[in-house]
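*Asks:*
Numbering (our numbering), first residue to last: 229 to 568.
#1: Cutting at 7 Å between CB atoms, please list the residues of its own chain near residue 349, excluding the five before and the five after it.
#2: Jot down the residue ranges of each uninterrupted alpha helix (DSSP H) in the segment 492–551, minimum 4 residues, whole runs only, in chain order.
#3: Residue 297: which of 458, 549, 543 sits nearest, CA to CA?
#4: Decide if residue 455 is buried, meaning its Cβ has at least 16 other Cβ atoms within 10 Å, or exposed.
#5: CB-CB under 6 Å to residue 422, same chain, minus the five flanking residues each way: which ones, in chain order?
#6: Using 8 Å for Cβ pairs, my map puts residue 314 next to residue 265. What's the rounded Cβ distance?
#7: Sorted by chain position, which residues of the same chain lie with C-beta nearer than 7 Å to residue 269's C-beta, five sequence neighbours on each side aside?
#8: Buried or exposed: residue 250, going by 16 or more other Cβ atoms within 10 Å of its Cβ?
#9: Which of helix, strand or coil does DSSP assign to residue 258?
#10: Quick check: the Cα distance between residue 334 and residue 255, rounded to an integer number of angstroms?
#11: Is it a yes or a no for the segment 436–452 touching the segment 399–417, going by three-plus beta-carbon pairs under 8 Å?
#12: Using the rule of at least 16 other Cβ atoms within 10 Å of the residue's Cβ for burial, across every protein chain shown, is residue 399 buried or exposed?
#13: Measure the Cβ-Cβ separation of residue 420 and residue 288 and say whether it is below 9 Å.
#14: Are the beta-carbon atoms of residue 403 and residue 292 separated by less than 9 Å?
#15: If contacts are defined as beta-carbon pairs under 8 Å, then residue 353 and residue 338 qualify, I think. What distance do you get, rounded to the angstrom?
#16: Contact check, residue 324 vs residue 364 under 8 Å by CB: the rounded distance?
#17: Quick one: give me the first and last residue of the alpha helix (DSSP H) that residue 267 is part of.
#18: CB residue 469 to CB residue 382, shorter than 9 Å?
#19: Please determine, among 481, 522, 458, 457, the residue with the shortest C-alpha to C-alpha distance to residue 275.
#20: What did DSSP end up calling residue 343 once you bin it into helix, strand or coil?
#21: Run through the DSSP bridge pairs and tell me what residue 398 is partnered with.
#22: I think residue 530 touches residue 499, with their Cβ atoms under 8 Å apart; what is that distance to the nearest whole Å?
#23: Grab the span of the beta strand (DSSP E) containing residue 275 for me, first residue to last.
#24: Does residue 474 pass the burial test, meaning 16 or more other C-beta atoms within 10 Å, or should it be called exposed?
#25: What residues match up with residue 438 in a beta bridge as DSSP calls it?
#26: Rank 416, 286, 476, 453 by C-alpha distance to the C-alpha of residue 385 and give the top, closest one.
#27: Along the chain, where does the beta strand (DSSP E) that runs through residue 226 open and close?
#28: For residue 512, tell me which candidate among 319, 433, 267 has the shortest Cα-Cα distance.
#29: Pick from 295, 496, 536: whose alpha carbon is nearest that of residue 371?
#30: Using the three-state DSSP reduction, which class does residue 363 fall into: helix, strand or coil?
#31: Where residue 236 and residue 458 are concerned, what is the direct C-alpha to C-alpha distance, given to the nearest angstrom?
#32: Is residue 407 helix, strand or coil when you go by DSSP?
#33: Under the rule that 16 or more other beta-carbon atoms within 10 Å means buried, what is residue 495, buried or exposed?
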């Protein structure tokens, strides 16, 4: 019985403890607040101004600055058999980038009991959202396909060559939007609602990234007989890296300001250290007074040196993140990324 209660509470809203506020209980689909990507999770989600395969989850505009295609996938393990699956895809085209993403939190089998604590069978729950995205950046050059823009914060890929042609080192600007569907199921009860995201990202000289996004706009969800708004979120972020000679060491600092519609504004700080473009260490701090665990940790390893020049995939990496939810315990995230 105890396990059943834990499963139901966790699957319904693991973040209920974290985001309990004066408007607690006034929103639905709170599972969308659960971080999924190991890289972003290791930074405690200070990711609004970053450009990478997981950007679509925090700022759809950032995906428009990628000059290559990529996929990111992750498996997250929680307590009592609860798991989460995630995948995000970004396809590069000359005119704009196309993205797609999927995220599902599932409970597995939940045993059911009557009021006398007698077993009556089993049920299950699932919570998911999925969607598509379009993003476009300026200026955009056809010959940059498959290359890294040196104006951006240095990435960890070694088989992606940098643009060597002259480019005005003045700015890069990108906008993006996503349309997605959130859906929840508990036993025979179902609920779903469409949502929309929009964002912008400005890159200034010396690797300064400034990003802003507005997510989960326009959604309400009716579950059984009650209708609640889905929590929207405003994100504002800044990122800057410091690079040693020959990029042997790259340290990136990130700062996000986040405001959920059902919670007051809070700040998130993140730091990533990239060593030899092979090993990455991440640290994140979430400035919330009532949060269960404020600190996150992460690490990653780049395997693109193992791929040949003739290989279709130009890079592969694996990442891990650890987040602590206080009384609910620690959670683990493992993911992979492929680029081509």
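For glycine and all other residues, C-beta sits at the position ideal for the given N, C-alpha and C.
Since we're looking at a predicted model, the values are computed, not measured.
*Replies:* Reading it off the structure:
#1: 340
#2: none
#3: 543
#4: exposed
#5: 409
#6: 7 Å
#7: 263, 524, 526, 549, 551, 561
#8: Reliability fails at residue 250, whose pLDDT of 40 lies under 50, so the model's placement of it is uncertain and the value that follows must be treated cautiously. Answer is exposed; the Cβ neighbour count stays below 16.
#9: helix
#10: 20 Å
#11: yes
#12: exposed
#13: no
#14: yes
#15: 7 Å
#16: 4 Å
#17: 266–270
#18: yes
#19: 481
#20: coil
#21: Beta-bridge pairing links residue 398 to no other residue.
#22: Not really, about 18 Å apart at Cβ, beyond 8 Å.
#23: Where residue 275 is concerned, there is no enclosing beta strand (DSSP E), given that its DSSP letter is neither H nor E.
#24: exposed
#25: 430, 466
#26: 476
#27: Any answer about residue 226 is impossible in this case: the structure gives the chain only from 229 up to 568.
#28: 267
#29: 295
#30: strand
#31: Residue confidence is low: residue 236 scores 46 on pLDDT, short of 50, so the model does not pin down where it sits. Its coordinate-derived value is still stated next. Spanning the two alpha carbons is a distance of roughly 19 Å.
#32: strand
#33: exposed
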